[in-house]
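Beneath this line is the structure, given in structure tokens, with notes to follow.
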Amino acid sequence: MRIQTDEQMYQTLDAMRLLYRGLAALKARVLPANPKNYAIFAEGPVDTIRELQAQIDEYFRVDLMGVAEEPEPPRESSRGESKAGRGHPKRRPVRSGQV
Numbered sequence: 002m003r004i005q006t007d008e009q010m011y012q013t014l015d016a017m018r019l020l021y022r023g024l025a026a027l028k029a030r031v032l033p034a035n036p037k038n039y040a041i042f043a044e045g046p047v048d049t050i051r052e053l054q055a056q057i058d059e060y061f062r063v064d065l066m067g068v069a070e071e072p073e074p075p076r077e078s079s080r081g082e083s084k085a086g087r088g089h090p091k092r093r094p095v096r097s098g099q100v
């Protein structure tokens, strides 16, 4: 399934959270007694977590690519100066008596 909305992304994050909690419980119970079984039992959830993470990564790549294709035009400040591409605004001359 491909993530297409923020709601689906949040549902995927919730699923990953549950998988991680299950892995933590498995680690606490099984790893000390039988590391080989832990490795076998953890393989499925770890693979699923990786798959879900890849879906989230893809969702954000697609989302960011859409933003990158249509950059915002430069905004104008209240003084009529463009804010795009400037490191620092121009300094105004200080009149005598002003600090």
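Adding 1 to a residue's 1-based position in the sequence shown gives its number in my numbering. Beta carbons: idealized from backbone N, C-alpha and C, even for Gly.
Handout entry: Meets three-Cβ-pair contact criterion under 8 Å: the segment 37-50 and the segment 14-22
Key = Output reads yes: the segment 14-22 touches the segment 37-50.
Problem - 8 Å contact criterion, which residue 57 and residue 4 should meet: CB distance rounded - result: Under the criterion of beta carbons closer than 8 Å, residue 57 and residue 4 qualify as touching, at roughly 7 Å.
Practice task
State the Cα-Cα distance for the pair residue 31 and residue 25, rounded to the nearest angstrom.
Solution key: One C-alpha to the other measures close to 10 Å.
Handout entry: Span separating the alpha-carbon of residue 60 from that of residue 13
Key = So the two alpha carbons sit approximately 11 Å from each other.
Exercise for the section: Could you check the C-alpha separation between residue 64 and residue 15 for me, to the nearest Å? Expected result: Straight-line Cα distance between these residues: approximately 20 Å.
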